[in-house]
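Each protein sequence line maps, in turn, to chains C and L. Mapping the first sequence onto the working numbering, position 324 (from 1) lands on 324, and the numbers just tick up by one. For the working numbering, count along the second sequence from 1 and bump the result up by 1000.
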Amino acid sequence: MHEKLKKTLALLLAALAIASFAAGCGGTNSGGGGGSGGSGDEEEILIGVMVPTSGSEAYYGTDMYQSYMLAVEEINKAGGVLGRKLTLLQADDGCDSNIATSAAELLISKNVDFVVGGYCSGATVAAMQLYFDEDLLLLISAANSTGITQLGLDTCFMLNSPGSHAAVTLADLCKSVGSSKVALIHNGDEYPQNLSKLCEDELPKHGIEIATVQVVDKGASDVSSVVTAIRNAEADFVYWCGYHADGSNVIKQLRQGGYEGDIAVGDGSASVELITACGDAGEGVYVTSPPFVRFAEGGDRFVADFKAMHNLEPGAYATLAYDTIYVLKEAIEKAGTLDTGAVKDAVQNINYKGLSGTIKFTPDRELEISNFIIIQIVDGDFQLVTI
Amino acid sequence: MKLRDRISSWLESKFIQAAASAALLAFMALLPLFTDNYYQNIVWNAFFYMLLALGLNIIVGYCGLCDLGYASKFAIGAYTTGILIKTYHWNFWATLPVSIIISIVSSVIIGLPTLKLRSDYLAIVTLGFAEIVRITARNLKITGAATGLIAIPRPTFFGIRLVKITHWYYVFLILVVIYIIISFRIRNSRFGRALAYIREDEDAAEAMGVNTSLYKLYAYVLGAVLGGVTGSFYAVKMTSISPGSFDFNQSVNVLLAVILGGMGKVPGVVLGAAFFALFPEFFRDIPVIGDMRMLFFGLLLIAVIIAKPQGLWPERNK
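This is the structure we're talking about:
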């Protein structure tokens, strides 16, 4: 290579590295639940938190961490668990499997007693084996690919409804709006692909035809070919399985392309940002959503406390994160010890009524009762839909 | 003799180099005794980038070819091993030769038609090939689609099941030493000199009777094989691999480590990879700067490349 070319190339790559790495790598944060005060004579219970606090999913990870902080503060104020205070230690998984293993090794080396967290399914899967090898209990608050429980690691529990529950909710929604030909769109990422596959299996059981399954490239700006394919397939219902950034683009172009049927999006798009990104095109769009705190029983108090602590609105996974800490608390109290085996058995048999719904586990350590709700964008805001 | 030259000639004396290498190796070998899992994992990550950078260095550094898709080479090795272990229940060590063979075959298929052209074309082809590999892996059933392969069983080595990070620390340390030896052996061989000749002036090399297309292909294949073997070990260390681990950023990272350290110079490349993997970690716990460390890292990279376009520890022209 010529000298000049080499230098230009190097500069270009360096610039690229800034751009890409602004999203990369991880950070750690440790902090008790705010003003947890003196710890007394007893040792604290150290809970590792593995969530993405950098990269594209940082918003959700931070939201979850803030929710954990709120729950921990409440519990500590009320006297802790078994008379011991809870302390959080956060490690960033960056929504990336490489960074997630670093985060797991960090938490393991700090001798955490339990681990909570998990937003991105891919990153969570990468770290799970490490926790399992160290005999650490992992309560996964948000990640919900069925691939997680298929690993069969019996120290990992999934507190969010798996995609299979979303498929059932979608079938109910289709029936209630009278749709019979559904088009599925996903973007090839782990969870969206998993969700699309689950819907393909589930919907025909309810007499609903799959008109077509389309794949949109992540970040693609022009999806007109997909719009045409959907119109040609004469679908009267479109379900977007991916995340909100690409989803808003798909919705806008569907409407511009003259598609007039119903549109629904999956839980990956359940964010108020979907509303702003879609604008007018978003009116009437349904969301098969995780338990949004605003629509939860007792949610008002939670929102007020969350705002008081962080000066922010809680996000879509805040309720699940909050419940996770309480499930852990109840399980530890039932077990009466911090021993992983005993606490694990207590979690397996738990029946906890939380903000996100009833938390009970199947023998496969998945949530037994679906926590999915249906919400709809009406006049630029989410509204609960009951069917 | 200026002081600077005296220092550098002193640094390049055989005895000092050997002593320094031995001391460094001893230090690395003893490091796990007084560090915890977290630091071992960070250093492991540096080892991992060293392996990739050393493999790419043969293509980019020794031969001057521009490869923008090195992630595909390492993906091929990782998926070969992953699929053979997961689906066909092979022993890990038996998958290594297959991984090498598939790396050779795929790189010959890509290299044969394109290496006859000048390097710029190769950059485009390798970039395209890397995307093909990644998107294929994302859509095939046997590669686990977007989920990738998960729960790949850990291998055993003389009865020890390689589970702990300390095990992997030593495995990768040994691999780094092997790769460094291979790199030096190549550089000092007739083959290595031919590659340097091609890098400096391809026309002159051809005029002097060096079969440039063939040598370029050899270098390309060799780089791919080293990448493939790294990928195989990566798959069993991580126990899960997914297409996201092999995207364009990964190729850029490795190329950056090579360019940063000094193309063609083995210690430089190792240093570049270590710098690349470790630097962001050092800044992690510093308040304010910690959150913006990637910005500083990027600025530092630009500064290094403007000030020292040949890299941190470049090869001296002899």
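Cβ atoms here follow ideal geometry from the backbone N, Cα and C, with glycine treated the same way.
Contact annotation: in the region 113-139 of chain C, residues whose CB is within less than 7 Å of a CB in chain L are Gly-122, Val-125, Ala-126, Gln-129, Asp-133. Residues of chain C with a Cβ closer than 7 Å to the Cβ of Arg-1138(L) are, in chain order, Gly-188. Boundaries for Lys-1002(L): no beta strand (DSSP E) harbours it, and the DSSP string shows neither H nor E there. Using beta-carbon distances, Tyr-1049(L) does not count as an interface residue toward chain C, since no partner is under 8 Å. For a cut-off of 8 Å, the C-beta gap from Ile-387(C) to Ser-141(C) is around 27 Å, too long to register as a contact. Interface residue (Cβ-Cβ distance to chain C less than 8 Å): Tyr-1215(L) is not classified as such. For secondary structure counted as the beta strand (DSSP E) over 3 or more consecutive residues, the region 216-304 of chain C holds these complete runs in sequence order: 237-240, 262-265, 286-289.
Contact between Glu-209(C) and Ser-180(C) holds, with the beta-carbon distance rounding to 6 Å and staying under 8 Å. Bridge partners of Leu-46(C) according to DSSP: Thr-87(C). Ranked by Cα distance from Phe-361(C), the options Ile-375(C), Ile-373(C), Lys-344(C) are led by Lys-344(C).
At the C-beta level, Thr-1136(L) and Leu-1068(L) stay beyond 8 Å of one another. Under a 10 Å Cβ-count criterion, Phe-1015(L) is classified as exposed, with fewer than 16 other Cβ atoms of the shown protein chains found around its own Cβ. Where Asp-381(C) is concerned, the enclosing beta strand (DSSP E) starts and stops at 381-385.
In this structure Ala-211(C) is not in contact with Ala-166(C), their Cβ atoms being roughly 19 Å apart against a cut-off of 8 Å. Neighbours of Tyr-1038(L) in chain C, taken as residues whose beta carbon is under 7 Å from its own, are Glu-105, Leu-106, Ser-109 in chain order. For Thr-1239(L), no alpha helix (DSSP H) run applies, since DSSP gives it neither H nor E. Approximately 6 Å separates the beta-carbon atoms of Leu-82(C) and Ile-332(C); this is inside 8 Å, confirming the contact. In this structure, Leu-1052(L) lies near Gly-1227(L), with their beta-carbon atoms less than 8 Å apart. Per DSSP, reduced to three states, the secondary structure at Leu-338(C) is coil, with no helix or strand assignment. The three-state reading of DSSP puts Asp-345(C) in helix, counting H, G and I together. When only Cα atoms are considered, Ala-1018(L) and Leu-312(C) end up about 59 Å apart. Any Cβ of chain L closer than 8 Å to the Cβ of Asn-371(C) would place that residue at the interface, and such an atom is absent. Proximity of chain L to Leu-195(C) at the Cβ level (cut-off 8 Å) is not reached, the minimal Cβ distance being about 11 Å.
Per the C-alpha coordinates, the member of Ile-185(C), Thr-124(C), Glu-260(C) positioned closest to Val-223(C) is Ile-185(C). In the displayed model, Gly-1148(L) falls within coil according to three-state DSSP, outside both helix and strand. Distance from the CA of Thr-340(C) to the CA of Phe-1074(L), rounded to the nearest whole angstrom, comes to 37 Å.
Nearest CB-CB separation between Asn-1041(L) and chain C: below the 8 Å threshold. Contact between the region 1047-1065 of chain L and the region 1263-1282 of chain L is present: three or more C-beta pairs spanning the two stretches fall below 8 Å.
Counting C-beta atoms within 10 angstroms of its own C-beta, Gln-1250(L) has 16 or more neighbours from the protein chains shown and is therefore classed as buried.
By the criterion of a C-beta distance shorter than 7 Å, Ala-58(C) is surrounded in its chain by Pro-52, once the five residues flanking it on both sides are discounted. The C-beta of Asn-1045(L) comes closer than 8 Å to at least one C-beta of chain C. Within the DSSP bridge table, the entry for Cys-120(C) names no partner. Thr-1080(L) sits in a helix when the DSSP states are folded into three classes. In this structure, the alpha-carbon of Ile-1186(L) lies about 18 Å from that of Ser-1213(L). Contact of Thr-155(C) with chain L by beta-carbon distance below 8 Å is absent, the smallest such distance being about 14 Å. Among the bridge pairs identified by DSSP, Arg-1161(L) is matched with Thr-1156(L).
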